[in-house]
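Visitor: FYI, the numbering for the sequence shown is 1 to 996, going by our numbering. Backbone N, C-alpha and C define an ideal beta-carbon position, used for all residues, glycine too. Since the model is a prediction, treat every value here as computed from it, not as a measurement. Before I ask anything, let me first share the structure, which is written out below as C-alpha cells.
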Amino acid sequence: MKSHGNENPFVEKIAAKRTKAGQAASRKIAKLQNTEPRIPLSTYRLQFNGDFTFNQAREIVPYLSALGVTHLYASPYLKARPGSRHGYDIIDHNTLNPEIGTYEEFERLCTTLAEHGMGQVLDVVPNHMGVQGGDNAWWLDVLENGQTAAHAGFFDIDWAPVKAKLRGKVLLPVLGNHYGAVLDNGELQLRFDAERGEFGIYYFEHHFPVDPSEYPQVLAYRMDVLSMRLGHDNPVLMEYQSLITAFRNLPPRDEDLAERQLERRRDKEVHKRHLAGLVEQYADIAGFVEQNLLIFNGTAGNSASFDPLHLLIEAQAYRLAFWRVASDEINYRRFFDINDLAGLRMENDEVFDATHQLLLRLVREGKLDGLRLDHPDGLYDPEAYFCKLEAQCKGVGRAPYLVVEKILAVNEALRKSWPVHGTTGYEFTNLLNGLFVATGAAKRMERLYNNFIGAHVDFDDLLYRSKKLIMETALAGELNVLANLLSKIAEADRRTCDYTLNGLRTALAEIVACFRVYRGYISVRDVVAEDRHNIEQAVAMAKRRSTAADTSIFDFLRGVLTLAAAKGKNPEYHRQVLVFAMKFQQFTSPVMAKGLEDTSAYIYHRLLSLNEVGGDPRRFGVTRSAFHRANQARAEHAPHSMSTTSTHDTKRSEDARARLNVLSEIPAAWRLALKHWSRANGNLKRVVDGMQAPTRNDEYFIYQTLLGFWPSGDAGSDEMARFNSRIKEYLIKALREAKVYTSWINPNAAYEDAVTAFADALINAPANGAFPTNFRPFQRRVARLGMFNSLSQTLIKFTAPGVPDIYQGCELWDFSLVDPDNRRPVDFVRRGTLLAALQTLGAQPAQQRGAGVRELCDTMEDGRVKLLVVRSALALRERWPEVFQQGKYLPLAVKGEKADHLCAYARFTGGRAVISLAPRFFARLLGEVDSLPLGEAVWANTTVEIPFHRLGWQYNCVFSGKELGPCQQQSGWFLPVARVLAAFPVGLIAGERVQS
Numbered sequence: 001m002k003s004h005g006n007e008n009p010f011v012e013k014i015a016a017k018r019t020k021a022g023q024a025a026s027r028k029i030a031k032l033q034n035t036e037p038r039i040p041l042s043t044y045r046l047q048f049n050g051d052f053t054f055n056q057a058r059e060i061v062p063y064l065s066a067l068g069v070t071h072l073y074a075s076p077y078l079k080a081r082p083g084s085r086h087g088y089d090i091i092d093h094n095t096l097n098p099e100i101g102t103y104e105e106f107e108r109l110c111t112t113l114a115e116h117g118m119g120q121v122l123d124v125v126p127n128h129m130g131v132q133g134g135d136n137a138w139w140l141d142v143l144e145n146g147q148t149a150a151h152a153g154f155f156d157i158d159w160a161p162v163k164a165k166l167r168g169k170v171l172l173p174v175l176g177n178h179y180g181a182v183l184d185n186g187e188l189q190l191r192f193d194a195e196r197g198e199f200g201i202y203y204f205e206h207h208f209p210v211d212p213s214e215y216p217q218v219l220a221y222r223m224d225v226l227s228m229r230l231g232h233d234n235p236v237l238m239e240y241q242s243l244i245t246a247f248r249n250l251p252p253r254d255e256d257l258a259e260r261q262l263e264r265r266r267d268k269e270v271h272k273r274h275l276a277g278l279v280e281q282y283a284d285i286a287g288f289v290e291q292n293l294l295i296f297n298g299t300a301g302n303s304a305s306f307d308p309l310h311l312l313i314e315a316q317a318y319r320l321a322f323w324r325v326a327s328d329e330i331n332y333r334r335f336f337d338i339n340d341l342a343g344l345r346m347e348n349d350e351v352f353d354a355t356h357q358l359l360l361r362l363v364r365e366g367k368l369d370g371l372r373l374d375h376p377d378g379l380y381d382p383e384a385y386f387c388k389l390e391a392q393c394k395g396v397g398r399a400p401y402l403v404v405e406k407i408l409a410v411n412e413a414l415r416k417s418w419p420v421h422g423t424t425g426y427e428f429t430n431l432l433n434g435l436f437v438a439t440g441a442a443k444r445m446e447r448l449y450n451n452f453i454g455a456h457v458d459f460d461d462l463l464y465r466s467k468k469l470i471m472e473t474a475l476a477g478e479l480n481v482l483a484n485l486l487s488k489i490a491e492a493d494r495r496t497c498d499y500t501l502n503g504l505r506t507a508l509a510e511i512v513a514c515f516r517v518y519r520g521y522i523s524v525r526d527v528v529a530e531d532r533h534n535i536e537q538a539v540a541m542a543k544r545r546s547t548a549a550d551t552s553i554f555d556f557l558r559g560v561l562t563l564a565a566a567k568g569k570n571p572e573y574h575r576q577v578l579v580f581a582m583k584f585q586q587f588t589s590p591v592m593a594k595g596l597e598d599t600s601a602y603i604y605h606r607l608l609s610l611n612e613v614g615g616d617p618r619r620f621g622v623t624r625s626a627f628h629r630a631n632q633a634r635a636e637h638a639p640h641s642m643s644t645t646s647t648h649d650t651k652r653s654e655d656a657r658a659r660l661n662v663l664s665e666i667p668a669a670w671r672l673a674l675k676h677w678s679r680a681n682g683n684l685k686r687v688v689d690g691m692q693a694p695t696r697n698d699e700y701f702i703y704q705t706l707l708g709f710w711p712s713g714d715a716g717s718d719e720m721a722r723f724n725s726r727i728k729e730y731l732i733k734a735l736r737e738a739k740v741y742t743s744w745i746n747p748n749a750a751y752e753d754a755v756t757a758f759a760d761a762l763i764n765a766p767a768n769g770a771f772p773t774n775f776r777p778f779q780r781r782v783a784r785l786g787m788f789n790s791l792s793q794t795l796i797k798f799t800a801p802g803v804p805d806i807y808q809g810c811e812l813w814d815f816s817l818v819d820p821d822n823r824r825p826v827d828f829v830r831r832g833t834l835l836a837a838l839q840t841l842g843a844q845p846a847q848q849r850g851a852g853v854r855e856l857c858d859t860m861e862d863g864r865v866k867l868l869v870v871r872s873a874l875a876l877r878e879r880w881p882e883v884f885q886q887g888k889y890l891p892l893a894v895k896g897e898k899a900d901h902l903c904a905y906a907r908f909t910g911g912r913a914v915i916s917l918a919p920r921f922f923a924r925l926l927g928e929v930d931s932l933p934l935g936e937a938v939w940a941n942t943t944v945e946i947p948f949h950r951l952g953w954q955y956n957c958v959f960s961g962k963e964l965g966p967c968q969q970q971s972g973w974f975l976p977v978a979r980v981l982a983a984f985p986v987g988l989i990a991g992e993r994v995q996s
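Listed below in C-alpha cells is the structure:
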C-alpha cells in the first residue's frame, strides 16, 4: 500500500494557518451553547479498514486541511466482521473496530482534526448487522435460544412461517451444498468448549450454538456405558445425571412467560458452568463426552453414522440449508439479498438504546458533528427513527448534522417532516450529470443502440421484469413472509377469506413490480396524499397487467396498503393491517434497488453514464432551465444536502461519466466507430451455447466501458496490465448482476471466459491493428473533451447549493469502476506535492498567476487543473461561508451565438456574490479542432448578464486573480465570456461591494 503520510513543508505551512484559525473558531464556539448543528462547508470521504487506519487518517489531516476541507467524512468504523473492507457488517455498535485502531488512536485523530479546525461526519448503519460466522453475540444468542433469547426482538424474524417445519426456527442458508451431502461428508462438526461448558456446531468459519435444553442428546448418549464404567451409585455419575436432568428441564424456546424466559437465561449459564467444572474435575466425564463427540461427528461415507448429529441439528432453533436453493424460505429480513446482513428492528426502543451508546457518547464529546444514515428505507419507521436520534443527540449536547442515504425517484422530494438536513446527494449526482448530456440526441442514440444490438429494449418493461425476477429469486423469502401476513389479514374477514395465499402472493408481487418509487412512508401517524397516490397508481397498473380472473384482490390490497381496510375494525385487525403496510414499505425499496440499479442498469446500455444509483436511464439528460429550477428548489428546501459526484456506491466514477457524456454530442461519429470496431473484432468472439459471445448488447457495453476507463496518457505496461485485470473482474461482476447469461447463483464460466477473453484481446491488441488504430484516436478525443466536462461539473459541485463531498482521491482525475474497484488505496503523497505547487502558483502576482494557470491546461492529464478548481473553490467557501450556506441561487441569462454551451449562475447574499461559468457540449463547441475552449475565438460575442451589479462592486477571477469589470448595455450589465474564460476553461468570479 502506498504511504499516506504528508511531509511537504508547503502543505504543513498552509495547514498551520488553518490550525490557528481553527483554534480561534473553537474558542469562539466554546462561548456559545452547543445546541445548533455545525454544518460542514465541505466533506472528504475516507474508507477505513485494516489497510487504512485511524493513524493513517491522522497523517493526512494536514493535507485535507490545506486542501480546504472542513469535515472528514468517515466510512463506518464500529466493530465489524473480521477483515471487513467496507464496515457495513457491524457486529458490535459500542466498540470501535480494532482492525482500524484503538480508542486512544481514534482520540488522537479527533484531536488532530480539532487542531486544524476540522470536524467529522460518520457513516452510521442503523438498518442491519453482520451475522453468520461466529462473531455477533446477539445473533448467537438468538440461534442458541430462539424466541426466548434476550435479543430475539432485535432482529426482524418471522417465527411463524407457512412451512410448519420452520416454525420457531431461523433458516440459515450458509451451506455450500445440500444439507444431506454436507452432513454425510462430515463437514458439520460438533465441538465442545470445555472452559465454557458449551456445545456448538461448526461449519468452516461458521459457529452455530446448540440449545442447552438439547445438551442431553449428547450428554446422555450411551449412558449405560458410563453407568457400567462408574457404577450406578457413583456420586459423580449421579451429579452428572442430575445435571442432564437440569438441562432437560430448562424452560423451552417457545416459552411465553417473561419470568420463565429469565429463568432459562439464568439457569442455562449456571448449568454450563457446572458442566465445565465436572469435565475439568473428572477425567472419566471428560473422556465420555469426548467419545460421544467422535460418535456424533460420524464417519464420512457412512450416512447412518451421522444420524445422531442430524437429530441434534433438527432440534435447534435454526435450520441449516444450501445457500443456492433456500432464498424462498428465508424468514429473517436482510439488507437486500445479503444473507450475512440481518435486519434490525430499530423501531424497538431497546434496540435503539443498545446500538447508540457509543454514538451518543461521541456526539456528546464533540467528536462527531454529523451523521450519515445508511439505507433509511430499510427501517420500519424512518421518520420516527430520525426524530428519536435527533432528540437523543440534543439531549446529550448538540443537534447533529444529519443526512440520509435516501434515493429519490425523478420528481420525488425529500419528506419535509423529516428532521434531517438533506440526502447524501444521489439526486444531485444525476441532475448534474444530466446537464452534460445532449437531450436532443435521445432518439438518435436510442436508434443507434437498437440497431447495433438488433433489438428494441423497452425500459419500462425491462424494469418490471427485473423486479419480478428479483422477487422470484433473491427476495422470494421476504415476499413469502409478506404474503403470509396478508393471508392472515384476509382470513380474519369473511368478505376476504376466500383469497388464497398464492393469489395474494401473486397480486402482491404485481403491485411491488409496478411501484414507481422506492417506498412509501405510511405510519401510525398518518397516510399522506403522496403515499396514497403512489399506491393507487401501482395498484391500477398491476390490475391492468394482471391475468387473474378476479381482480377484486387488488382492491383488497389497496385498502390494506392505504389502511382504509382497517376503518371500523377491531384494534387487533387494525394493528395487523398497519404492520403489514409498514413491512410492505420495507420490501419495495430493496426490490427497486435490485431490479433497477443491480439488474436493469446492467442490461440497458443506451448511454452508460445515465445508469447510476438514483438515476433513471429513461431520462436522457437535463435541460439547463430544469437544472436551474432544481437548484433553486434545493437552495430553498435542502440547502445543506450533500453534493456528490462519486461515492463508494456509484457505478462509475465522476470522470468516467464525464467522458461517456461526450458520446451524446457525437452520435454520428459514435455510430461509425461502433461499425468499424465490431467488424474489426468479429473474429475474437466465441460460440457459447449456440450464440456468439459476447452478445451484441454486451459488446456495446464493453466499448463504452473501455472509453470511460481507459488510462490517461501513454500508460506503461504495468499500468495496462492492472487495467486489464480490473476490467475483467468488473465485466464478470457486471454480467452476473445482469442475470441474463450468467449470475451469482448460477455462474456460466464459458460465457464469462468468452467475454473476458474478448476484452483482453481488445486491450492487448497490437498497436497497428485495425481496432487500436481507430479506437485510440477516438478514445483520446473523448477523454480530452471529458476532462473539460469534468472541470465544469467539479466547479458546479462546489458552488451550487449543498455541501460538496469529495470521494477519496477524486480531487485528481479518477477513473474507478464499481465497488470494490473504487476502494483502491489513494496516493496522498502525490496529491500533497501537487497541492503545494498550486499554492505557490496562487501566491504569485495576477499576471504570472494567469500564465501559470493557462500552462496547467497544456498538461491536463496530470490532474492539476481539477485540483486547482477544487482547492480554489474550497478556499472561497471558507472565505465567504455565508454566501454558500445562506446565499440565494440566481440563474444568469446567457446571450450570444454560444449561449447553449454555458451554464451560468450566481450565489449571493448581502454585499457578496459568487458567479460560476460552467461550459458544456465541448465537442460541438470545439468541433474537430484539438484546442482549448478559451478566448474570443471560441466564445465570440457570448455574454452573461449580471442583474445585481451596481456601481461600487468589484469582481475578481478566482483562478487567475485577474480583476474583471462588467460592461454596460442598454439592457443592463454583463460579462463577456471570452474575457472570463481567457486563460482557464471554467470561470469562478468573486464579486464584492467595496463602495456603498
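Just grab the DSSP bridge partners of Asp-193 for me.
Guide: Glu-198
Visitor: What would DSSP say about Asn-451, mapped onto helix, strand or coil?
Guide: helix
Visitor: Output needed for Met-541: all residues of its chain with C-beta closer than 8 Å, excluding positions within five of it in sequence on either side, in chain order.
Guide: Cys-514
Visitor: If His-648 sits next to Asp-819, beta carbons under 8 Å apart, how far is it from one beta carbon to the other, in whole angstroms?
Guide: About 6 Å separates the two Cβ atoms, so the contact holds.
Visitor: Counting only beta-carbon atoms, is Tyr-401 nearer than 7 Å to chain B?
Guide: Any reference to chain B falls outside this structure, which holds one protein chain only.
Visitor: List, from N- to C-terminal side, the alpha helix (DSSP H) runs of 4 residues or more that fit wholly inside the segment 525 to 601.
Guide: 529 to 545, 552 to 561, 571 to 592
Visitor: For Gly-708, count neighbouring C-beta atoms within 10 Å of its own C-beta (all shown protein chains included) and say buried if the count is 16 or more, exposed if not.
Guide: buried
Visitor: Taking the continuous beta strand (DSSP E) assigned at Pro-891, which residues delimit it?
Guide: 888 to 891 is the span of the beta strand (DSSP E), which, as asked, contains Pro-891.
Visitor: So for Ser-916, helix, strand or coil by DSSP?
Guide: strand
Visitor: With which residues is Ser-646 paired in a DSSP beta bridge?
Guide: Answer is none; Ser-646 lacks a bridge partner.
Visitor: Can you name, in chain order, every residue of its own chain whose Cβ lies under 6 Å from the Cβ of Met-787, other than the five neighbours on each side?
Guide: Met-860
Visitor: How is the alpha helix (DSSP H) around His-178 delimited, first residue to last?
Guide: Where His-178 is concerned, there is no enclosing alpha helix (DSSP H), given that its DSSP letter is neither H nor E.
Visitor: With the cut-off set at 7 Å, would you say Gln-189 and Asn-297 are in Cβ contact?
Guide: Their beta carbons are under 7 Å apart, which means Gln-189 touches Asn-297 by this criterion.
Visitor: Tell me the DSSP bridge mates of Ala-693?
Guide: Arg-686
Visitor: Considering only DSSP beta bridges, list what His-128 is partnered with.
Guide: Answer is Gly-343, bridged to His-128.
Visitor: Can the beta-carbon of Arg-871 be found less than 7 Å from the beta-carbon of Leu-67?
Guide: yes
Visitor: Note the first and the last residue of the continuous alpha helix (DSSP H) segment covering Gly-287.
Guide: Segment 283 to 296, the alpha helix (DSSP H) holding Gly-287.
Visitor: Any heavy atom of the ligand ATP within a distance shorter than 6 Å of the CB on Ala-754?
Guide: What this structure holds is no ligand at all, so the ligand ATP is not there to describe.
Visitor: Among Arg-398, Met-129, His-151, which one has its Cα closest to the Cα of Gly-87?
Guide: Met-129
Visitor: Could you pull the start and end residues of the alpha helix (DSSP H) that Gly-140 belongs to?
Guide: Looking at the sequence itself, residue 140 is Leu, so the reference to Gly does not match. Residues 137 to 145.
Visitor: Are the beta-carbon atoms of Ala-906 and Leu-890 separated by less than 7 Å?
Guide: yes
Visitor: Which one or two residues does DSSP pair with Gly-68 in a beta bridge?
Guide: DSSP output for Gly-68 lists no bridge partner at all.
Visitor: On the three-state DSSP scale, how would you describe Cys-497?
Guide: coil
Visitor: Spatial neighbours of Leu-312 within its chain, please: C-beta separation below 6 Å, excluding the five flanking residues on both sides.
Guide: Gln-217
Visitor: Would you identify the three-state DSSP class for Asn-94, choosing helix, strand or coil?
Guide: strand
Visitor: For my contact list, Pro-985 and Thr-943 are in at a C-beta cut-off of 8 Å; report their separation, rounded to the angstrom.
Guide: Not a contact, Cβ separation roughly 18 Å.
Visitor: Is it the case that the segment 247 to 260 contacts the segment 203 to 220, given that we only count it when at least three CB pairs across the two stretches are under 8 Å?
Guide: The count of Cβ pairs closer than 8 Å, one atom from the segment 203 to 220 and one from the segment 247 to 260, reaches three, so the stretches are in contact.
Visitor: Applying the 10 Å Cβ sphere with the 16-neighbour rule, what's the burial state of Thr-623?
Guide: exposed
Visitor: Near Gly-987, what residues of its chain come up, given a Cβ to Cβ distance below 6 Å and the 5 sequence neighbours on each side ignored?
Guide: Leu-917, Val-980, Leu-981
Visitor: Once the 5 residues before and after Leu-856 are set aside, which same chain residues still bring their CB inside 7 Å of it?
Guide: Arg-864, Val-865, Leu-868
Visitor: Taking the C-alpha atoms as reference points, what is the distance between Ser-931 and Gly-842?
Guide: 25 Å
Visitor: Kindly indicate the opening and closing residues of the alpha helix (DSSP H) around Gly-477.
Guide: 476 to 491
Visitor: Please classify Asp-381 as buried or exposed, where buried requires at least 16 other C-beta atoms within 10 Å of its C-beta.
Guide: The C-beta of Asp-381 has 16 or more other C-beta atoms within 10 Å across all chains shown, which makes the residue buried.
Visitor: Between the C-alpha atoms of Gly-366 and Val-170, what's the straight-line distance to the nearest angstrom?
Guide: 41 Å
Visitor: Buried or exposed: where does Phe-580 fall if 16 or more other Cβ atoms within 10 Å of its Cβ makes it buried?
Guide: Per the 10 Å Cβ criterion, buried.
Visitor: Going by C-alpha to C-alpha distance, which of Arg-85, Glu-36, Ala-114, Asp-92 sits closest to Val-69?
Guide: Ala-114
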